[in-house]
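Working notes, structure below.
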Amino acid sequence: MQIPYELALGWRYTRAGRATRRNGFISFISGVSMLGIALGVAALIIVLSVMNGFQKEVRDRMLGVVSHIEIFAPGGAALPDMQRTLEEARANPNVIGAAPFVAAQGLLARGEDMKGVLVRGIDPAREPEVTDLAAENVAGLKALVPGEFRVFLGGELARQLGVQVGDTVTLIAPSGQVTPAGVLPRLKQMTVAGLFNSGHYEYDSALVLMAHQDAERIFRLEGPTGVRLKLKDLHQAPEVARQLARSLSGDLLIRDWTQQNKTWFAAVQLEKRMMFIILTLIVAVAAFNLVSTLVMTVTDKRADIAILRTLGASPRSIMGIFVVQGAMVGVVGTLAGLLLGLAIAFNIDVIVPAIERALHTRFLPQDIYLISRMPSDPQSSDIVPIAVISLILAFVATLYPSWRASRVNPAEALRYE
1 MQIPYELALG WRYTRAGRAT RRNGFISFIS GVSMLGIALG VAALIIVLSV
51 MNGFQKEVRD RMLGVVSHIE IFAPGGAALP DMQRTLEEAR ANPNVIGAAP
101 FVAAQGLLAR GEDMKGVLVR GIDPAREPEV TDLAAENVAG LKALVPGEFR
151 VFLGGELARQ LGVQVGDTVT LIAPSGQVTP AGVLPRLKQM TVAGLFNSGH
201 YEYDSALVLM AHQDAERIFR LEGPTGVRLK LKDLHQAPEV ARQLARSLSG
251 DLLIRDWTQQ NKTWFAAVQL EKRMMFIILT LIVAVAAFNL VSTLVMTVTD
301 KRADIAILRT LGASPRSIMG IFVVQGAMVG VVGTLAGLLL GLAIAFNIDV
351 IVPAIERALH TRFLPQDIYL ISRMPSDPQS SDIVPIAVIS LILAFVATLY
401 PSWRASRVNP AEALRYE
């Protein structure tokens with residue numbers, strides 16, 4: 001099969017200058033443009049993959065404590081018919097686990113130290129169905145026997161209060177009880193039955209787990225305030241929440257995990273978009289270096305263009321030759337950037353520790369940051385747009401110089417040759 005001469009000449013001009021001193025500088029500029037595109041594409045892939053990795057790591061740790069979907073009664077009241085709500089929720093094919101809970105706020109005191117806490121009353125037998133934290137502490141949660149008023153505390157909360165397993169703490173409910181002496185807060189001595197570490201500071205420093213029957217007595221509730229669900233696919237949570245809103249009986253509120261931390265996820269998405277725009281400018285600068293490369297090539301090849309025109313080449317064919325030359329640089333640079341970026345993104349867990357050992361430093365000290373290793377999660381939804389945008393920018397950069405080449409006057413170009 002015969003290759004069109006536009007492609008053959010365009011590829012030849014791309015390689016021109018490597019063996020001739022006359023065109024060496026043009027070849028150098030072309031190589032710099034190719035390298036710039038490759039580094040820009042690689043930087044985009046690596047940065048977005050690391051941001052995806054951090055997002056996934058934090059999300060997984062957060063979902064180790066919170067459930068995929070919560071169903072609760074308005075105003076923090078007890079569910080009117082908890083058993084029916086459990087049965088109706090389990091009827092959804094996407095639901096694989098369900099457990100009742102009590103959600104409340106209070107103060108936890110130990111001597112003169114006092115902390116505001118989130119109290120979660122749970123069913124120790126069913127809670128492992130809905131959270132990884134409970135599934136990892138099945139044996140320990142058996143200590144939460146109803147009526148014995150025992151609690152599980154986050155490790156950071158226990159450190160701040162200076163308590164250990166076996167110590168007693170005082171839980172103070174926000175609503176008081178009326179006595180002849182006035183309104184007095186309700187206090188209850190609780191025994192620390194265990195500690196947990198979810199890896200998420202927000203929960204490790206404020207969450208208190210206890211049997212839901214004990215929570216109901218302390219906060220004067222007639223039953224659990226809600227039901228927590230676990231799904232087959234956590235990404236389907238918003239859709240499943242809409243399905244449950246149509247199928248559940250009674251006046252109930254439904255909240256999925258994306259709504260519980262909506263501000264945080266929105267902030268991460270905004271950061272990703274901004275980083276994408278900023279790093280795309282690097283690719284754009286490298287791509288538009290092709291303009292200067294092609295302008296110099298057109299100037300250098302004026303005689304060749306004139307000869308081709310006199311042999312019958314159309315302006316469109318001349319333009320195609322230089323479009324091919326610029327597009328080749330863009331394609332090779334983009335492919336090289338994809339290979340380099342993916343190679344680093346998939347092996348960042350090996351590369352970063354090696355750099356840390358070589359420099360004798362830690363990029364993410366464990367005592368400062370939530371995550372002590374550099375995570376990476378390359379996603380095709382990021383990689384494909386990066387490659388497409390890089391190729392489009394390289395193609396657009398070739399249009400004006402190629403058009404100028406097609407406008408060269410053969411007689412004028414050959415006058416001094």
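Sequential numbering of the sequence shown, starting at 1, is according to full-length UniProt numbering.
Backbone N, C-alpha and C fix where the C-beta goes; we use that ideal spot for every residue, glycine too.
- In the same chain as E70, and ignoring 5 residues on each side of it, the C-beta atoms closer than 6 Å to its own belong to G226, R228 and R255, in chain order.
- Under the Cβ criterion (8 Å, minimum of three pairs), the segment 154-166 counts as touching the segment 110-122.
- Collapsing the DSSP output to three states places T225 in coil.
- Here P146 really is in contact with A211; their C-beta atoms are around 5 Å apart, less than 8 Å.
- For the pair I389 and V323, the Cα-to-Cα distance works out to about 17 Å.
- With contacts defined by Cβ atoms closer than 7 Å, I37 and G326 do not form a contacting pair.
- The three-state reading of DSSP puts E148 in coil, since its state is none of H, G, I, E or B.
- Membership of Q105 in the beta strand (DSSP E) is indicated by the continuous run V95 to R110.
- Using a 10 angstroms sphere on the CB of V350, the tally of other CB atoms stays under 16, which defines it as exposed.
- Apart from the 5 residues on each side of it in sequence, G140 sits with its Cβ closer than 6 Å to the Cβ of G194 in its chain, given in chain order.
- Boundaries for A211: no alpha helix (DSSP H) harbours it, while the beta strand (DSSP E) harbouring it runs L207 to A211, taken from the DSSP string.
- Annotation: V408 to A345 spans about 46 Å, alpha carbon to alpha carbon.
- Annotation for V65: no beta strand (DSSP E) segment contains it, and DSSP assigns it neither H nor E.
- E216 sits buried, since 16 or more C-beta atoms from the chains shown fall within 10 Å of its C-beta.
- By the CB criterion at 7 Å, K230 and I392 fall outside the cutoff.
- Distance check between G121 and each of A109, K56, F219 and N137 places F219 closest, using alpha-carbon atoms only.
- Going by DSSP, R255 is part of the beta strand (DSSP E) stretching over L253 to D256.
- DSSP places M275 in the uninterrupted alpha helix (DSSP H) bounded by K262 to D300.
- Taken through DSSP and simplified to helix, strand or coil, F219 comes out as coil.
- The C-alpha of H68 lies about 28 Å from the C-alpha of F149.
- In this structure L207 is buried. Its beta-carbon is surrounded by 16 or more other beta-carbon atoms within 10 angstroms.
- DSSP places V396 in no beta strand (DSSP E) but in the uninterrupted alpha helix (DSSP H) bounded by S380 to S406.
- By the Cβ test, the segment 257-277 is in contact with the segment 41-55, since at least three Cβ pairs between them sit closer than 8 Å.
- In the DSSP assignment, L342 falls within the alpha helix (DSSP H) that extends over P315 to F346.
- In this structure, DSSP gives M51 a helical state, which the three-state scheme calls helix.
- In this structure the segment 123-135 does not lie against the segment 260-272, because fewer than three pairs of beta carbons, one per stretch, are closer than 8 Å.
- Three or more Cβ pairs closer than 8 Å define a contact, and the segment 52-69 meets that threshold against the segment 235-249.
- M114: member of the beta strand (DSSP E) spanning D113 to I122, first to last residue.
- A distance of 7 Å or more separates the beta carbons of H200 and R90.
- Excluding sequence positions up to five before and after W257, its CB lies within less than 8 Å of the CB of M62, L63, V66, S67, H68, I69, L234 and A237, all in the same chain and listed in chain order.
- For D132, the enclosing alpha helix (DSSP H) covers residues D132 to E136.
- By the Cβ neighbour-count rule, R357 is exposed, with fewer than 16 other Cβ atoms within 10 Å of its own.
- When secondary structure is reduced to three states using DSSP, G40 falls in the helix class.
- Linking V352 to F54 through their CA atoms gives a straight-line distance of about 15 Å.
- When only Cα atoms are considered, V165 and V138 end up about 17 Å apart.
- Partner residues in the beta bridge of A173, as assigned by DSSP, are R186.
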